[in-house]
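Report on the following structure.
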Amino acid sequence: MVRIDQALRRVDHYSTLSADMLIASGKRVTFASALGHGLWTFLRTYVLRAGFLDGREGFLLAVANAEGTYYKYAKAWLAS
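Position 71 of the sequence shown, counting from 1, maps to 71 under UniProt numbering, and the rest follow consecutively.
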């Protein structure tokens with residue numbers, strides 16, 4: 001089982017790598033786009049992909065996915 005500190009380190013590491021790729025692509029990133037992409041990721045995972053059927057685990061997965069996406073865009077926004 002993965003410990004929470006390991007999972008958070010992994011989210012931090014991969015969101016930094018993804019933010020670097022986002023910056024390199026030249027896409028314009030704003031605070032609103034960070035919020036919007038994070039929210040969309042949650043809705044896609046929890047509603048469209050039926051994460052709600054998995055109960056608490058589905059909700060936590062949707063939140064974790066949204067958090068990683070938000071961090072990616074927020075880091076790119078802060079770096080620009």
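In this text, a Cβ means the ideal position worked out from N, Cα and C, and glycines have one as well.
Suppose the cutoff is 8 angstroms on Cβ atoms and the five residues either side in sequence are ignored; what does the same chain contact list for residue i look like?
i, result
"residue 87", "Because residue 87 is not part of the residues shown, which for the chain are 1 to 80, the question remains open."
"PHE59", "TYR46, GLY51, PHE52"
Starting from the C-beta of residue i, find all residues in its chain whose C-beta is less than 6 angstroms away, skip the five residues before and the five after it, and write them out in chain order.
i, result
"ALA34", "TYR70, TYR73, ALA74, TRP77"
"GLY38", "ALA66, THR69, TYR70"
By the 10 Å Cβ neighbour count, where 16 or more other Cβ atoms means buried, how is residue i classified, buried or exposed?
i, result
"VAL2", "exposed"
"LEU53", "exposed"
"ALA32", "exposed"
"LEU22", "buried"
"ALA24", "exposed"
Within the same chain, show all residues whose beta-carbon is closer than 7 angstroms to that of residue i, passing over the 5 residues directly before and after it, in chain order.
i, result
"SER18", "LYS72"
"THR30", "TRP77"
"ALA62", "PHE42, THR45, TYR46, GLY51"
Just tell me which of the options has its CA closest to the CA of residue i.
i, options, result
"TYR46", "ASN65, ALA7, MET21, ASP5", "ASN65"
"ALA79", "ALA62, VAL63, GLU57, THR16", "THR16"
Could you say if the stretch 59-70 and the stretch 42-49 meet the contact criterion of at least three C-beta pairs nearer than 8 angstroms? Using a C-beta cut-off of 8 angstroms, the stretch 59-70 makes contact with the stretch 42-49, since at least three inter-stretch Cβ pairs fall below that distance.
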